[in-house]
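Top line first, the protein sequences correspond to chains A and B. In terms of the working numbering, the first sequence opens at residue 138 and continues consecutively. In terms of the working numbering, the second sequence opens at residue 138 and continues consecutively.
There are 2 protein chains.
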Amino acid sequence: MVVSTINGTSPLSHSNGTTIPLSTFSCNSFVNVEKGDPVAFRPYWEKVRDECTVEIKGDEWMSYLGDTNNLCWYMVPQMRDAILRLHNVVGNAVTKDKFLVLGTGSSQLFQALLYALSPSESSHRPINVVAAAPYYSEYKDATDILQSRLFQWTGDAALYDKDEPYIEVVTSPNNPDGTLRVPVVNSGVEGKIIYDLAYYWPQYTPITDQLDHDVMVFTFSKCTGHAGSRIGWAFVKDIEVAKKMIRFVQLNSIGVSRESQIRAAKMIGVICDGYKNLKSIESDHLFFDYSKRLMKERWEKFKGAIEKSKVFTLTKYPTSYCHFNKDLFEQYPAFAWLKCLEGIKDGESYLEKLKIRTRGGGRFGVDAKYVRVSMIGTEDEFIELCTRLSNAKRE
Amino acid sequence: MVVSTINGTSPLSHSNGTTIPLSTFSCNSFVNVEKGDPVAFRPYWEKVRDECTVEIKGDEWMSYLGDTNNLCWYMVPQMRDAILRLHNVVGNAVTKDKFLVLGTGSSQLFQALLYALSPSESSHRPINVVAAAPYYSEYKDATDILQSRLFQWTGDAALYDKDEPYIEVVTSPNNPDGTLRVPVVNSGVEGKIIYDLAYYWPQYTPITDQLDHDVMVFTFSKCTGHAGSRIGWAFVKDIEVAKKMIRFVQLNSIGVSRESQIRAAKMIGVICDGYKNLKSIESDHLFFDYSKRLMKERWEKFKGAIEKSKVFTLTKYPTSYCHFNKDLFEQYPAFAWLKCLEGIKDGESYLEKLKIRTRGGGRFGVDAKYVRVSMIGTEDEFIELCTRLSNAKRE
């Protein structure tokens, strides 16, 4: 997103929600890479736009109910089938013998899980919710917003030393820093683990394992780039946990938009059909090939800019074998995690002066010399970001 | 919804989510009028199905953002315009000088409002949430599910006598009993009022006033019957309340499905266009005319069945002048609220024996001799309901 500070107007918007990037940035315009709106993949969806068209008639999908034969009664069968097919194609998660719970984005499922994994006896103290720093900036507020007696944010998992029950959120690849994660709490008490796998898709990271955890959360937003649809899902081993999550979603929003489910099912179908008909089509037609190439190109350009600037260092990522792509690959995270060199104490403020809006380390539970930068915005914005970063000088 | 107990199967379903009603009920089948799935109006939407078609292409509506110039940044301008236009056509609410906050159904907005209207100082005791009994069966659980320190369910507003701050929910017309409501708490302390106006539409009740309260909540589900879309909205006078609600929706689900917004805007547009072109078309083409006639016919048939049974009494409703229809009308609530005559202590159990599934008074904070019956299910189910009720005999 580009916000002009000259006249206060946003970039021109089509009536269909696509934003026309301004072709040049004035020197007073901010490059806003603070949020993670995943619009980078839009050019792919433009190419296949007609193939992906969904049409919904006036009398379709009116009911609250999606499938009364499914525990997750608000999920339509097409959505369920598409999700299972996608994981079968990508091979990133074991879906067998698990319950599939649909949510209004993974944010809703995060809260449903806190509810479902907390002890229900009211005499109990709130369960501690932790994640290793740097952790996703919204976990804390999402946990504490209603000041629940069931759970409470307790901060950095690496520092957790209480002799009390806990929930550890393991985000892998991690937001903000892209690292692959495992649980870190070392406690005598048994903890419950939520695996937030929003970025465990082939464009961001080699698919090294078919993960098989008790609680795994995914989101459509970061997989295909359709953040506006608000579709997330969780695979859950324990039926009682799944039932409590579904009850939460019922009270919270009486299910999940049927229109979004139908559309997400269609888009996922187009992706999977591509891999099914692999030999008959050009590889640029394959979504994960396209999006991985795009991420790779951006990261190469970005590393060049960072090297030129001599002001920041970047996280180093290992190369691993990707079972999906059948080759060795590096990681190309959705966010870059920059560390400012000595002399710059507050990276966010420093970059504000360069008219680059980022999210500072404090929001992620670490030092202000770190900043998070979105790598999945528009192409125009990304190019301008690289230009500005490469011109950065030590103060 | 019809649930067969013979072979455990549901009614046949089209792939587009429309349910083909079974033309005859076996005597072992339940008539399920326990929920309020508003599918009664589907025949109208079948007639205008093509006019209402929305088409969404692969690259459209990808972003989290709907309108960065609006406080409610996830709401697309089309949705905002459609909602304002609808209230302008119906005349049921004053929208001027209020903030419009969109939610994933009105359930999400209810919780957003509890958060926004609670005192934020953590030293404070939880604010009491009350509603006059009989009250909507989900308010209690929706309030208490996370055991918040900000608010707590305190029950019947008519019995509230604490000298403490409170939030009163005024549902008008009321779910379950269809009565028109005003606040009832009589306390020395100032309370905050949430007007839940889900049923304040011309098919259910005369539009007697253009309401102008500080907090008014509406839902698309009960207005047009599109419950699957999960679209609700609130008009809020105080910008600080609106901001807190939007922050809640952000943390809860990062906004509201863009696909649902586009579709809801389209459907509302078709309704409003009808009234704009009033003289050029047959009145059966007008949504509120169609749906009011349907509700009236059902209520007449239903009253006949109840009279025949001699087992129940019904709530009496006044006749009022409707500013929208420019005539005197009775109310035709979305639910019937039955009181069993003496000798039947538990209405829900009594009706279970007649293979009618209802929701008993206990769920609404009153005696078990009351039951709530949906009047907005399929035609087939409704006819069978009347047949079974008219055969009811005193035990």
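Virtual Cβ for every residue (Gly too), placed ideally from N, Cα, C.
{"Asked": "Contact set between H363/A and chain B, taken where Cβ atoms lie within less than 7 Å", "Found": "M199"}
{"Asked": "Beta-carbon neighbours of I264/B, restricted to chain A and to distances below 9 Å", "Found": "Neighbours of I264/B on chain A: none; closest Cβ ~12 Å, over 9 Å."}
{"Asked": "Residues, ordered as in the chain, of the segment 180 to 194 of chain B that lie near chain A by beta-carbon distance below 9 Å", "Found": "P180, Y181, W182, E183, K184, V185, R186, D187, E188, C189, T190, V191, E192, I193 and K194"}
{"Asked": "Where K445/A sits in the DSSP three-state scheme", "Found": "helix"}
{"Asked": "C-beta neighbour in chain B for P158/A, strict 8 Å", "Found": "Note that P158/A scores a pLDDT of 46, beneath 50, so its modelled location is shaky and nothing firm can be said."}
{"Asked": "is_contact[A268/A, chain B] using C-beta, thresh 8 Å", "Found": "no"}
{"Asked": "Distance between beta carbons of G240/A and F472/A, contact taken as under 8 Å", "Found": "With 8 Å as the limit, F472/A and G240/A do not qualify as a contact, their Cβ atoms being about 22 Å apart."}
{"Asked": "Any non-hydrogen atom of the ligand GDP within 7 Å of K506/B CB", "Found": "Looking at this structure, you won't find the ligand GDP or any other ligand, since it has none at all."}
{"Asked": "Any C-beta of chain B under 8 Å from that of D174/A", "Found": "yes"}
{"Asked": "Any C-beta of chain B under 8 Å from that of R533/A", "Found": "Coverage of chain A is limited to positions 138 through 532, which leaves residue 533/A absent and any answer about it impossible."}
{"Asked": "Residue range of the unbroken alpha helix (DSSP H) whose run includes Q248/B", "Found": "G242 to L254"}
{"Asked": "Three-state secondary structure assigned by DSSP to C164/B", "Found": "coil"}
{"Asked": "Beta carbon proximity, S166/B to chain A, threshold 8 Å", "Found": "no"}
{"Asked": "Proximal residues to C409/A (C-beta, below 7 Å), its chain only, five neighbours per side dropped", "Found": "R222, L223 and V226"}
{"Asked": "Unbroken beta strand (DSSP E) run spanning W290/A, endpoints", "Found": "F288 to D293"}
{"Asked": "Segments assigned beta strand (DSSP E), at least 3 residues, entirely inside the segment 261 to 345 of chain A", "Found": "264 to 268, 288 to 293, 303 to 308 and 328 to 333"}
{"Asked": "Span of the alpha helix (DSSP H) around A401/B", "Found": "R395 to K413"}
{"Asked": "Cβ neighbours of Y341/B in the same chain (closer than 7 Å, five flanking residues each side left out)", "Found": "P310, M432, Q468, Y469, P470 and A471"}
{"Asked": "Reduced DSSP category for E258/B - H, G, I as helix; E, B as strand; rest coil", "Found": "coil"}
{"Asked": "Range of the contiguous beta strand (DSSP E) that encloses Y181/B", "Found": "No beta strand (DSSP E) holds Y181/B; the alpha helix (DSSP H) holding it covers R179 to K184."}
{"Asked": "DSSP-derived helix/strand/coil call for I391/B", "Found": "coil"}
{"Asked": "Members of the segment 487 to 509 of chain B near chain A, C-beta cut-off 7 Å", "Found": "none"}
{"Asked": "Sequence-distant residues of the same chain with beta carbon closer than 6 Å to A270/A, five excluded per side", "Found": "D293, G502 and V503"}
{"Asked": "Rounded straight-line distance, which links the Cα of C477/A to that of G484/A", "Found": "6 Å"}
{"Asked": "Residues in the segment 268 to 293 of chain A having any Cβ partner in chain B nearer than 9 Å", "Found": "E275, D278, A279, I282, L283, Q284, S285, R286, L287 and F288"}
{"Asked": "Closer than 8 Å at the beta carbon, the chain B residues around I513/A", "Found": "Those do not exist, as I513/A stays about 11 Å from chain B at its closest Cβ, beyond 8 Å."}
{"Asked": "Closer than 8 Å to chain B by CB, L522/A", "Found": "no"}
{"Asked": "Buried versus exposed, by CB contacts within 10 Å (16 or more), E518/A", "Found": "buried"}
{"Asked": "Closer than 8 Å at the beta carbon, the chain A residues around R590/B", "Found": "Residue coverage of chain B in this structure runs from 138 to 532, which leaves residue 590/B outside it and unanswerable."}
{"Asked": "Chain B contacts made by the segment 201 to 217 of chain A, where a contact means CB separation under 7 Å", "Found": "Y201, L202, T205, N206 and V213"}
{"Asked": "Chain A contact residues for M404/B, given Cβ-Cβ distances below 9 Å", "Found": "G195"}
{"Asked": "Residues that I368/B bridges to, as DSSP identifies them", "Found": "T241/B"}
{"Asked": "Beta-carbon proximity check, F372/B vs T232/B, cutoff 8 Å", "Found": "yes"}
{"Asked": "The segment 387 to 398 of chain B / the segment 234 to 252 of chain B touching (three or more Cβ pairs under 8 Å)", "Found": "yes"}
{"Asked": "Three-way DSSP call (helix, strand, coil) for N229/A in this model", "Found": "coil"}
{"Asked": "Top-ranked residue by Cα proximity to K447/A, from F162/A, D314/A, S527/A and M382/A", "Found": "S527/A"}
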